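Using UniProt numbering, the letters of the sequence shown correspond one by one to residues 1 to 243.
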Amino acid sequence: MSTVEIQRVAAADDDHWWYRERRALLSREAGRLVAGRALHIGAARDARVLIDQGWETVVIGTSGADVDAARCDGVDARLGDPEALPLEDGEFGFASALDVLPTAVDDRAVVAELARVLRPGGVAFVTVPNDVGPRRPGPRVATRADGRWAPLDPANPLPRRYRRASLAELAEGAGLTIDRVRCWNVLLRPALRRHRARLLDGTTPDLSPRTNRALRTVSLVERRLPLGALRGDSFLVRLRKPM
1 MSTVEIQRVA
11 AADDDHWWYR
21 ERRALLSREA
31 GRLVAGRALH
41 IGAARDARVL
51 IDQGWETVVI
61 GTSGADVDAA
71 RCDGVDARLG
81 DPEALPLEDG
91 EFGFASALDV
101 LPTAVDDRAV
111 VAELARVLRP
121 GGVAFVTVPN
131 DVGPRRPGPR
141 VATRADGRWA
151 PLDPANPLPR
161 RYRRASLAEL
171 AEGAGLTIDR
181 VRCWNVLLRP
191 ALRRHRARLL
201 DGTTPDLSPR
211 TNRALRTVSL
221 VERRLPLGAL
231 RGDSFLVRLR
241 KPM
């Protein structure tokens with residue numbers, strides 16, 4: 001994808017309800033902390049909320065065009081592998097990885113890298129799909145015995161999904177503790193299960209302005225309700241590196 005195309009997609013995403021709400025959640029998590037150095041793995045447009053809060057932010061992206069577009073916008077963006085971050089140990093007080101783990105080759109390595117670059121007491125904010133049923137029929141293969149799974153058909157990719165137990169196992173394996181786990185998109189879970197693969201690969205589903213506004217309203221309502229303990233489409237996970 002060219003830099004121009006990246007910028008076009010970013011402009012469309014700025015008003016898409018799913019990306020807007022995800023950025024709002026990131027902003028809220030980072031806003032709990034005193035601004036310092038932050039790492040964001042993924043789309044540079046999401047990192048803008050960290051910069052606006054005063055965080056000295058480094059973005060690690062896997063797309064050269066995305067990184068170039070971010071640099072043109074004044075963001076400290078670098079091309080790198082989330083499983084082997086080109087960063088020093090203990091650099092950051094906050095790190096975020098929004099829907100990065102589900103599509104990583106080795107999600108354990110990504111979490112281990114987050115732990116490595118966080119300073120003691122540092123916080124990571126991670127979002128992942130929730131492994132909730134019922135699942136659609138068809139051939140599946142479990143990626144591990146803890147409940148994560150992936151499709152057998154490579155022409156129909158579907159990312160890993162997670163359970164609370166598998167999240168705890170990932171955190172423990174990296175030497176991190178879980179401060180909080182809650183669900184997101186409880187009210188919209190049935191509809192989102194049809195669109196998540198497109199959202200994760202950066203393809204913005206076409207929505208009419210009216211539908212986009214309606215979904216935005218539902219997400220705003222959910223943010224104000226105590227629904228985090230119910231089953232939702234995603235987990236919001238706050239991790240901490242022990243002192």
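C-beta: ideal position from N, C-alpha, C; glycine also.
Just so we're clear, the structure is a prediction, and the values are computed from it rather than from any experiment.
Go through its chain and collect everything with a Cβ distance to residue i's Cβ below 7 angstroms, but skip five positions before and after it.
i, result
"Ala47", "His40, Thr57, Val59, Val75"
"Trp17", "Asn212, Leu215, Arg216, Ser219"
"Phe116", "According to the sequence provided, residue 116 is Arg. The question's Phe does not apply to it. The answer, listed in chain order, is Asp89."
"Leu85", "Ile60, Glu113, Val117"
Can you find the residues in the same chain that come closer than 8 angstroms, C-beta to C-beta, to residue i, ignoring five residues on each side of it along the sequence?
i, result
"Val33", "In the sequence as presented, Val is not what sits at residue 33; that position holds Leu. Excluding sequence neighbours, Leu33 sits near Gly93, Phe94, Val123."
"Asp179", "Val123, Arg238, Leu239, Arg240"
"Arg108", "Leu170, Gly173, Ala174"
"Asp15", "Asn212"
"Arg78", "Val58, Val59, Ile60, Gly61, Val67, Pro86"
Going by C-alpha distance, which of the options is nearest residue i?
i, options, result
"Leu101", "Leu114, Gly90, Asp89, Glu91", "Leu114"
"Leu236", "Asp14, Arg37, Ser27", "Ser27"
"Ala70", "Pro86, Ala112, Ile51, Ala84", "Ile51"
"Cys183", "Ala171, Asp233, Pro209", "Asp233"
"Asn185", "Pro242, Thr177, Leu176, Thr127", "Thr127"
"Gly61", "Gly36, Leu98, Val181, Thr177", "Leu98"
"Gly54", "Ala30, Val181, Arg231", "Ala30"
"Arg163", "Asp66, Asp131, Val181, Ser208", "Asp131"
"Ala35", "Val49, Gly64, Ala65, Ser63", "Val49"
If you reduce the DSSP assignment to three classes, tell me which class residue i lands in.
i, result
"Asp46", "helix"
"Leu176", "coil"
"Ala155", "With a pLDDT of 40 at Ala155, under the threshold of 50, the modelled position of that residue is not reliable, and the figure given next carries that caveat. Note: Ala155 maps to coil in three-state DSSP."
"Ala38", "strand"
"Asn185", "coil"
"Pro129", "strand"
"Leu236", "strand"
Please return the same chain residues whose Cβ sits closer than 6 angstroms to the Cβ of residue i, not counting the five positions on each side in sequence.
i, result
"Ala112", "Ala174"
"Ala24", "none"
Which whole-angstrom value describes the C-beta separation of residue i and residue j, a residue pair presumed to lie in contact below a C-beta threshold of 8 angstroms?
i, j, result
"Val110", "Pro129", "Actually they do not touch by this definition, with Cβ atoms about 15 angstroms apart."
"Ser96", "Phe125", "5 angstroms"
"Arg37", "Glu91", "6 angstroms"
Q: Write down every uninterrupted run of the alpha helix (DSSP H) in the UniProt domain "Methyltransferase type 11" (42-125) whose length is 4 residues or greater and which is fully enclosed by it, in chain order.
A: Fully enclosed alpha helix (DSSP H) runs of 4 or longer: 44-52, 64-72, 107-117.
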